[in-house]
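**Student:**
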Amino acid sequence: MMKFRFRRQGADPQREKLKQELFAFNKTVEHGFPNQPSALAFDPELRIMAIGTRSGAVKIYGAPGVEFTGLHRDTATVTQMHFLPGQGRLLTLLDDSSLHLWEIVHHNGCAHLEEALSFQPPSRPGFDGASGPLGLARVTVVLLVAAGDMAALGTEGGSVFFLDVPTLTLLEGQTLAPDEVLRSVPDDYRCGKALGPVESLQGHLRDPTKILIGYSRGLLVIWNQAAQCADRVFLGNQQLESLCWERSGSRLVSSHSDGSYAVWAADAGHSPMTQPTAATTPYGPFPCKAINKILWRNCESGDHFIIFSGGMPRASYGDRHCVSVLRAETLVTLDFTSRIIDFFTVHSTRPEDEFDEPQALAVLLEEELVVLDLQTPGWPAVPAPYLAPLHSSAITCSAHVANVPAKLWARIVSAGEQQSPQPASGASSWPITGGRNLAQEPSQRGLLLTGHEDGTVRFWDASGVALRPLYKLSTAGLFQTDCEHADSLAQAAEDDWPPFRKVGCFDPYSDDPRLGVQKVALCKYTAQMVVAGTAGQVLVLELSDVPSEQAVSVASVDLLQDREGFTWKGHERLSPRTGPLPWPAGFQPRVLVQCLPPAAVTAVTLHAEWSLVAFGTSHGFGLFDYQRRSPVLARCTLHPNDSLAMEGPLSRVKSLKKSLRQSFRRIRKSRVSGKKRAATATSKLQEANAQLAEQACPHDVDMTPVQRRIEPRSADDSLSGVVRCLYFADTFLRDAAHHGPTMWAGTNSGSVFAYALEVPPPAGGEKRPERAVEAVLGKEVQLMHRAPVVAIAVLDGRGRPLPEPYEASRDLAQAPDMQGGHAVLIASEEQFKVFTLPKVSAKTKFKLTAHEGCRVRKVALATFASVACEDYAETCLACLTNLGDVHVFSVPGLRPQVHYSCIRKEDISGIASCVFTRHGQGFYLISPSEFERFSLSARNITEPLCCLDISWPRDTTRARLRESPKLSQANGTPGVVLASRSRDGSPDPGRSKGADTPEPPEAMLSPMSVDSATSADTTLDTTGDVTVEDVKDFLGSSEESEKNLRNLAEDEARACAILIK
C-alpha cells in the first residue's frame, strides 16, 4: 500500500538563506589545451594571443591568469582570426564565410569577452565575380588595413571586397574584380586561364594604401587602393600558397605548392616581372610537399630568418609535421607529432624600428602549443605556464590534493625544475604577457595529479586559473619494455638530412598498455605516494631531493588464495628490472607490490602513519606493510560463477556463451517479475485511494516523493568481486570502549569488509617498531540490493569525518571526538546509509535511485564555507550521478540540500573522469585535453579576474548590447564568461582565491574526503572505466534523447542573446 508522510508546512526560510550562503553552482574556467584548434592570432601591441576551434570557441590568453572565452552562436569552424592592434578587438572568420567582431569590454575594472557584430556575405550574383545562380561566396582570406578600420576580403572567385570594420558593412564601389587585375597582365599570360581564388593578402608595412594580392595560379599584384590601379605585377606560374613582405617593403617572398619559395624585388621598375630574383626548393630536388606558410624576419646583424611550414620530400618524409627555421647557413627542421595549424613570431612592430629582431616563434599544433626562444643559441623551447597538453599521453585517472604544505610544494617544484633546467639567459621568458591578473595570490596550494597511459603521473598547480605543470613522474623505468629497442632503431634510421629536431611533448603512443596508471594516492605530510597500474603493479614511492641509485624491493601478493577453478587468461605481469637503478631527484620507488593475477588495480589507499597500503582488483584486496616490506592480508572476493573476471581488460578471449546465458537469464527474470507485478483489483483500488489523498492534500505541504521499485541485483552477476573502495580509520569496531586502526573494503556486489588491525604504536620517534601488523575480520556487511559500494567514510562523535593521517598527531587539525559513538557512512550506487559503530545498525539513509531514478558515480565529503560568515562552515556529501547531476547532502543527517545539472548525461567519459576537491570544487574532462572546473561553493570560486590596458574610441551611435551577454562556454554548456564581481558590481578579489581561501577554524570543520590519502580518488575515476550501466544511460529512449536535445538547443538560444547586425 502506498503511504504518504507529511512534513512541516513549507520550507525553513532561515535554512534556505543559509543554503544560498553555502552553495552556488558555477562553471568557472577550462584548464588545458583547447580541443581541435583551427586558427591563431597574436596582438603584438597588447601581447595577447587568440585560439579558435572547430566548435566555434574563441579563447584569448595573456599573462598567466589572463583568459577570456567566447563561443559563436553557430557551431562552425573558426578558420581565421585577426586582432585590431592595441584595441582589444578581434575579427573572426568562420567556414561559412561569416565574420564576427569580438570585443574585450571592461565593467567596473574587470574585463570579459563579448561578440559585438557579425556579417554574412550577401548571396547575390556578382558578389564573387560570377554571373551564375545565387550562391554564398566563400571568403578565403582576410586582411586588416588602415589601422584596423577596414578589412579586405579575398574570395574563392578571385574578387577582393572591402568592409568597414566598426560597422561590419560592405564598402560599395571599392570592389576589386579579377577582370580589373587582368587588364594589367600581358595577353600571353591570360591565355584563357582564370586567376583562381585569392590565396593571400598582405598589407605594405610602410604604405597602408598598398595591398599585395596573391592568386592561386601564381600571379602577384601590388594594388594601390588610393589610385585604384596595379603598381607592380609578378607573373608567377607555380601554384601559390602564401606571401610575406620583407620589412623594408623592397622585397617579398612567395611559397608554392611544389615545395619551393621565391624572392621577388618589389621596386625594380614598373614592367611585369616574370622571374624572381631568387628561387629555391629547400628539400629538393625530389618532389616535395607544399610550403603552406612562410615568414621573412630581418635582423640588425645583416642576416634574416626564413621560417616556413611544410616543404618536406613527399616520398621520404611526406607524413612529417615540420616547421623549418633558416638563418644564414643554419637550418633546423622542427619535427612535431601533430598537425601544424598556424605560427607567428614575436618581433618588433614599431614603425620607427628598422629591423624585426624576432624574439620568439610560437607554433600552434593540433595537440599543443610550442614556443621557441630565437634569441638564445640553439633556439630552445620555452616552458609554457599554461596551455600544456594534458593529454600528451591519454589521461587514465586523476586526483586532487588540497592545502599542500609549503615545504612539500617547494620540493616538488624543485624536482620539476631539475627535470627541465632553464638556460642561464633571461631572454627565454614566456612572450605572451598581456593583461593584468587581478586575482590575489593564493594563500593555499592545490595539486592536481593526473595518471597517464604511458605510466607517468603529472603534477599540476591547480591553485589558480592557469593550470601550470610542475613535475612529471615516470614509472616505466622500473620495468623492462620494448621502448629502448625501438628508440635505438629510430635513431639508427635517422639521417643527417633533413636536420630533424624533435620538439613538443605530445606523444599519444604508449610502449606498453600495461604501464597505464589506474590509481594514485599521495600523503602530503610525509611526501610518500602510491601509484597503481593496469598490470596489478602497486608502487610505493618517496620524495627525494637528490638523485640516487638503489634497488627496489619486489613482493607479490596472491589475491586468489589458491582458489581452484580460476585460470587467469589476461595479460602477463610486467617484468621489473633487477639490481640498483638510477633515479633522478623527485619521487623514487621504494617497494613494488605485484598483485596476482596481474589485473588492473581498481582501488588503492595509503596510511603513511601506519606504513600501510591497501589495494584492490577485480579478484580481491590486499594489505601491505611497506615498512617491513611484507604482506599483511589477502582476501579473495570472487563469486564462484565469476569467471569473467579472469579474462582481463586486454584479453580477446571473451566468453560468448556466458554473455548469451546471462542475457537470457535477465530476460527471463524480467518477464517473471513483470507477471508478479500485474495489475490487480487491489492495486487499482490503491491507486484510486492515492489519487483521493493527493486531491485532499494541501498544495503547500511538502511530501516525500514516490519511491521507485528497485530490483535486487543477482549474486552471480559478472565482475561482482571488483573492489570499488578502500578506507583506513581509527574507530570502534570490536566494542564501544576500545578504538583502534581499521581497514574497510567495499565491492561491486554490495559487500563491505571491516578488519581490525593490530599496528604496533611508535616508540619515541615517528616510525613504529618492526613488529608485524595483524589483521582480523571484524565485521562483514551485505547490502540488501547488492549495489556496488562506491565509498566508505567513518564519522566521529560529532558527525564529522576523521582527519587525515598525521593531521591530528601533528596538531594540524582538530582531534576527532572519540567519546561519542562513531558511525560509518556507506555510499552505494543506489543509496547512502549511515550505520552506528560498533554494532553496525542502520541509523539514517537516503535512497537516491528510488527517489531520483539515477545511480551514484562519484562521491566526496567536502567542506562548504559560508560567504556571509567566515567562521561558519558545513561538511557535506557531494555526489555525481550517471545523469550528470550533482547532489549535495548534509552529514550525518543525509538531508538533500541542493542539486545542479553539471555534465551532459551522454558524456560518459566526462562523468567517469570527475574529481571533487575538499572545498566544494571539481574537475571533469570536456575533451581529451581539457578539464572543466566547476564550483559548488558560494565562497570558494576560482575564475578569471583580469583586465587589459586598452583604449579605443567607442562609436556611441552604434546600437549594441550594453549588458554582458550570457555566453555558452567552449564545450557547449551554458556558462557566464565574466570576471568575478560582488553583489554591488564592484570587483570582488576575495572570490578569486578559489580553493585557496583561508580555512575557517578547525573547530568549525574538519574537511576530509572519502579517501583518506587524496581528496577525491574515491571511486573508479579512470576515463576508461565505463560500465554497462553507463552505456545503458547513454542509449536511453529515443523520445528522451530528442527531448534533451530540444532543451539543450533552447538553452543555447537563450544563452546566446547577442545583438547581431
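Just so you know, the numbering used here puts 986 at position 989 of the sequence shown, and the rest follows in order with no gaps. Note that beta-carbon positions come from the ideal geometry of N, C-alpha and C, so glycine has one too.
1) Below 7 Å between beta carbons: does that hold for ALA772 and VAL629?
2) Bridge partners of LEU202, per DSSP?
3) So, is ASN32 buried or exposed, given that buried needs 16 or more other C-beta atoms within 10 angstroms?
4) Quick one: complete beta strand (DSSP E) runs, 3+ long, within the region 788 to 836?
5) List, from N- to C-terminal side, the beta strand (DSSP E) runs of 3 residues or more that fit wholly inside the region 177 to 262.
6) Buried or exposed: ALA506, going by 16 or more other Cβ atoms within 10 Å of its Cβ?
7) Start and end of the beta strand (DSSP E) containing TRP741?
8) Between the region 381 to 390 and the region 409 to 417, are three or more C-beta pairs nearer than 8 Å?
9) Beta carbon of THR152, beta carbon of VAL136: below 7 Å?
10) In three-state DSSP terms, what is ASP125?
11) Can you name the residues that DSSP bridges to ASP40?
12) For ALA529, which residues of its own chain have a beta-carbon under 7 Å away from its beta-carbon, when the five flanking residues on both sides are left out?
13) Have a look at LEU799, GLY233, ASP204 and ASP92 and flag the residue whose alpha-carbon is nearest the alpha-carbon of ALA224.
14) In the DSSP output, what is MET309 paired with across the bridge?
15) I'd like the ranges of any beta strand (DSSP E) spanning at least 3 consecutive residues and lying wholly in the region 319 to 345.
16) Where does GLU13 sit, in a helix, a strand or coil, going by DSSP?
17) Taking C-alpha atoms, which residue in VAL912, THR564 and GLY431 lies nearest to CYS394?
18) The ligand SAH and ALA262: does the residue's C-beta get closer than 6 Å to at least one heavy atom of that ligand?
19) So, under 8 Å CB-CB, CYS107 and CYS944 are touching, yes? Tell me the CB distance rounded to an integer number of Å.
20) Would you report the Cα separation of HIS109 and ARG915, rounded to the nearest angstrom?
21) Based on Cα-Cα distance, which residue from VAL885, ARG294, GLU903 and ASP904 lies nearest to VAL895?
22) Per DSSP, HIS79 is paired with what?
23) Can you check which of these residues, GLN591, LEU150, LEU87 and PHE30, is closest to THR614 by C-alpha distance?
24) Taking ARG336 as the reference, give the member of LEU366, VAL329 and THR342 with the closest Cα.
25) Given LEU90, which residues of its chain have a CB within under 7 Å of its CB, disregarding the five upstream and five downstream residues?
26) Identify, in the order they occur along the chain, each residue of the same chain with its Cβ nearer than 6 Å to the Cβ of ARG795, setting aside the five sequence neighbours on each side.
27) Helix, strand or coil, according to DSSP, for TYR314 in the structure here?
28) Start and end of the beta strand (DSSP E) containing GLU927?
29) Measure from the alpha carbon of GLU767 to the alpha carbon of each residue in GLN624, SER806 and ALA733, then state which is nearest.
30) Run through DSSP, which three-state label would ARG951 get?
31) Taking one C-beta from the region 261 to 280 and one from the region 292 to 300 each time, how about it: are there three or more such pairs within less than 8 Å?
32) So which of LEU519, THR472, PHE497 and ASN105 has the shortest CA-CA distance to ASP509?
33) Measuring CB atoms only, is the region 439 to 455 touching the region 361 to 379, in the sense that at least three cross pairs come out at less than 8 Å?
34) Please identify the residue among GLY907, GLN171, PHE829 and THR271 whose C-alpha is closest to the C-alpha of GLN222.
35) When the Cβ atoms of the region 456 to 475 are set against those of the region 575 to 586, are three or more pairs found closer than 8 Å?
36) Which runs of the alpha helix (DSSP H) at least 4 residues long sit entirely within the region 845 to 932? Give them in chain order.
**Tutor:** This is what the structure holds:
1) Residue mapping note: residue 772 aligns to position 775 of the sequence shown, counting from 1. Residue mapping note: residue 629 aligns to position 632 of the sequence shown, counting from 1. Contact: yes.
2) For the purposes of this step, residue 202 is taken as residue 205 along the sequence shown, with counting starting at 1. Paired residues: none, contrary to the question.
3) For this step, residue 32 is matched to residue 35 along the sequence shown. ASN32 is buried by the Cβ-count criterion.
4) 820 to 825 and 829 to 833
5) 195 to 200, 207 to 212, 216 to 221, 226 to 232, 237 to 242, 248 to 253 and 258 to 262
6) Indexing the sequence shown from 1 puts residue 506 at position 509. According to the sequence provided, residue 506 is Tyr. The question's Ala does not apply to it. It counts as exposed.
7) Reading the sequence shown from its first residue, position 744 is the one you call residue 741. Residues 736 to 744.
8) no
9) Numbered from its first residue, the sequence shown carries residue 152 at position 155. Numbered from its first residue, the sequence shown carries residue 136 at position 139. Yes.
10) The count along the sequence shown starts at 1 and reaches residue 125 at position 128. With a pLDDT of only 47 at ASP125, under the threshold of 50, the placement of this residue in the model should not be trusted; the figure read from the coordinates follows. It is coil, neither helix nor strand.
11) Within the sequence shown, residue 40 is the residue found at index 43, counting from 1. Paired residue(s): ILE45.
12) Reading the sequence shown from its first residue, position 532 is the one you call residue 529. Taken in chain order, the residues that qualify are GLN515, LYS516, VAL535, VAL598, VAL601 and PHE612.
13) On the sequence shown, position 227 is the one that residue 224 refers to. With distances taken between Cα atoms, ALA224 lies closest to ASP204.
14) In the sequence shown, counting from the first residue as 1, residue 309 sits at position 312. For MET309, which the question treats as bridged, DSSP gives no partner whatsoever.
15) 327 to 333 and 337 to 343
16) Your numbering for residue 13 matches position 16 in the sequence shown. In the structure shown, GLU13 sits in a helix (DSSP, three-state: H, G or I).
17) Taking the first residue of the sequence shown as 1, we reach residue 394 at position 397. Here the closest residue by C-alpha is VAL912.
18) Ligands in the displayed structure: none, and consequently the ligand SAH is not present.
19) Here residue 107 refers to the residue found at position 110 when the sequence shown is read from its first residue. Here residue 944 refers to the residue found at position 947 when the sequence shown is read from its first residue. Going by Cβ atoms, the distance from CYS107 to CYS944 rounds to 6 Å, so yes, they are a contact pair.
20) Along the sequence shown, one-based indexing puts residue 109 at 112. Along the sequence shown, one-based indexing puts residue 915 at 918. Rounded to whole angstroms, HIS109 to ARG915 spans 29 Å at the Cα level.
21) Along the sequence shown, read from residue 1 onward, the residue named residue 895 stands at position 898. Nearest of VAL885, ARG294, GLU903 and ASP904 to VAL895, Cα basis: VAL885.
22) On the sequence shown, position 82 is the one that residue 79 refers to. In the DSSP output, where bridge partners are listed per residue, HIS79 has LEU88.
23) Along the sequence shown, one-based indexing puts residue 614 at 617. Considering only alpha carbons, the answer is GLN591.
24) By 1-based counting over the sequence shown, the position of residue 336 is 339. That would be LEU366, whose Cα lies nearest to the Cα of ARG336.
25) The count along the sequence shown starts at 1 and reaches residue 90 at position 93. The residues are THR76, GLN77, LEU96, VAL136 and VAL139.
26) Here the question's residue 795 lines up with position 798 in the sequence shown. Result list for ARG795: ASP814, in chain order.
27) Taking the sequence shown and counting its residues from 1, one reaches residue 314 at position 317. TYR314 falls in the helix class under three-state DSSP.
28) Stepping through the sequence shown from its first residue, residue 927 is reached at position 930. Taken as a continuous stretch (DSSP letters only), the beta strand (DSSP E) holding GLU927 covers 927 to 934.
29) Taking the sequence shown and counting its residues from 1, the one referred to as residue 767 is at position 770. Nearest option by C-alpha distance: GLN624.
30) Indexing the sequence shown from 1 puts residue 951 at position 954. Here the model assigns ARG951 a pLDDT of 48, short of 50, so the residue's position is not dependable, and the following value carries that caveat. Coil at ARG951, not helix or strand.
31) no
32) Taking the sequence shown and counting its residues from 1, one reaches residue 509 at position 512. Nearest option by C-alpha distance: THR472.
33) no
34) By one-based count along the sequence shown, residue 222 stands at place 225. It is GLN171.
35) yes
36) 845 to 849 and 905 to 909
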